[in-house]
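Reading through the structure tokens given below for one structure.
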Amino acid sequence: MSDERVAVVTGSGKGIGRAIAERLARDGYRVVINYRRDAASAHETLNAVQAVSPESVVLQADVATPNGARELIEKTQTQFGRLDVLVNNAGPFLVKPVFDTTVEEWQEIIDGNLSSAFYCIKAALPLMRGQKSGHIINLGSLNAENARGAPTTVAYNVAKTGLVVLTKSVARSEARHGIRCNIVNPGFIETYATSDADKRELPSIIPLGKLGHVEDISNLVAYLLSEQAHYITGSVMNVHGGLWV
Numbered sequence: 003m004s005d006e007r008v009a010v011v012t013g014s015g016k017g018i019g020r021a022i023a024e025r026l027a028r029d030g031y032r033v034v035i036n037y038r039r040d041a042a043s044a045h046e047t048l049n050a051v052q053a054v055s056p057e058s059v060v061l062q063a064d065v066a067t068p069n070g071a072r073e074l075i076e077k078t079q080t081q082f083g084r085l086d087v088l089v090n091n092a093g094p095f096l097v098k099p100v101f102d103t104t105v106e107e108w109q110e111i112i113d114g115n116l117s118s119a120f121y122c123i124k125a126a127l128p129l130m131r132g133q134k135s136g137h138i139i140n141l142g143s144l145n146a147e148n149a150r151g152a153p154t155t156v157a158y159n160v161a162k163t164g165l166v167v168l169t170k171s172v173a174r175s176e177a178r179h180g181i182r183c184n185i186v187n188p189g190f191i192e193t194y195a196t197s198d199a200d201k202r203e204l205p206s207i208i209p210l211g212k213l214g215h216v217e218d219i220s221n222l223v224a225y226l227l228s229e230q231a232h233y234i235t236g237s238v239m240n241v242h243g244g245l246w247v
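For the sequence shown, counting from 1, position 156 maps to 158 in this note's numbering; every step adds exactly one.
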């Protein structure tokens, strides 16, 4: 595969985003690592990525804003002249029922998880259309394709269910331009944010009896970007160990 390919991974300073960035670097991509606030983690990721992809860079941008998303894509184009892959991974989480959720919290979750993907896709499409190729992968949430009540995570679930609709819509409209778009829905994945209580208690409700690993997500992303998946677009891919099937 060509070593000229370029991938942007939003929110890739740590966790699942970092795992995706590292995997794509190993697969020959020049990776743009993106962060909003945590510069230290982003540069740790950059050091790991540059060990196999020396031309990779880190760019600060708040993709939950139209200007931030546009600047991220424009700087990528200026740096590399192309964009082959956009992974919309950034997204805050909130555990609160409707009654306790403030307007500001609602806006932050919707902007961070749904609007950010729209802004980045909107900025990236002209470049990808010009290339007549591109892959967009959105990171959703557990069974986000099923609209259901979420009494304690309402804003987050609304955003991720909306992301499924966005994914399918982009897949349909952009296929004629050689652009594919899919969504990966992680279940309970062990990351830096997983508590000891989660590690003890969650496996008992998962049919496979264990938490997932960040590599389970990055491996699927790598597959979707491969030639083996050339006919897959508009798909919702759950990685959840059988939970809630």
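The C-beta atom is built at its ideal place from N, Cα and C for all residues, glycine as well.
Nothing here was measured: the structure is a model prediction, and the numbers come from that model.
Write down the C-beta distance between K124 and A146 rounded to the nearest angstrom, noting that I regard them as a contact closer than 8 Å. Not really, about 21 Å apart at Cβ, beyond 8 Å.
Other residues of its chain near L26: CB distance less than 6 Å, five sequence neighbours each side excluded: A9 and V33
If you compare alpha carbons, which of W108, D198 and E24 is closest to P99? W108
Within a Cβ cutoff of 6 Å, which residues of the same chain sit near R248, ignoring the five residues on either side of it in sequence? Shown here, the chain extends from 3 to 247; a query on residue 248 therefore has no answer.
State the beta-bridge partners of C183 as determined by DSSP. Within the DSSP secondary-structure output, C183 pairs in a beta bridge with I138.
Could you say which of S14, R202, L213 and H215 lies nearest to N90 if we only look at CA atoms? S14
With a threshold of 16 other CB atoms inside 10 Å of the CB of R150, please say whether the residue is buried or exposed. exposed
Nearest to L92 (by Cα), restricted to the options A23, I234, L226 and E217: Position check: residue 92 holds Ala in this sequence, whereas Leu was assumed. Closest option to A92, Cα to Cα, is A23.
Simplified DSSP state of V18, which is helix, strand or coil: According to the sequence provided, residue 18 is Ile. The question's Val does not apply to it. DSSP places I18 in helix when its eight states are reduced to three.
Which full runs of the alpha helix (DSSP H) of 4+ residues lie inside the segment 19-56, going along the chain? Taken in chain order, the whole alpha helix (DSSP H) runs of length 4 or more contained in the segment 19-56 are 41-52.
For the alpha helix (DSSP H) that N69 lies in, which residues bound it at each end? P68 to F82
Nearest to W246 by CA position, among I207, L222, V223 and H215, is which residue? I207
Length of the line joining the Cα atoms of Y194 and T12: Between the alpha carbons of Y194 and T12 lies a gap of roughly 17 Å.
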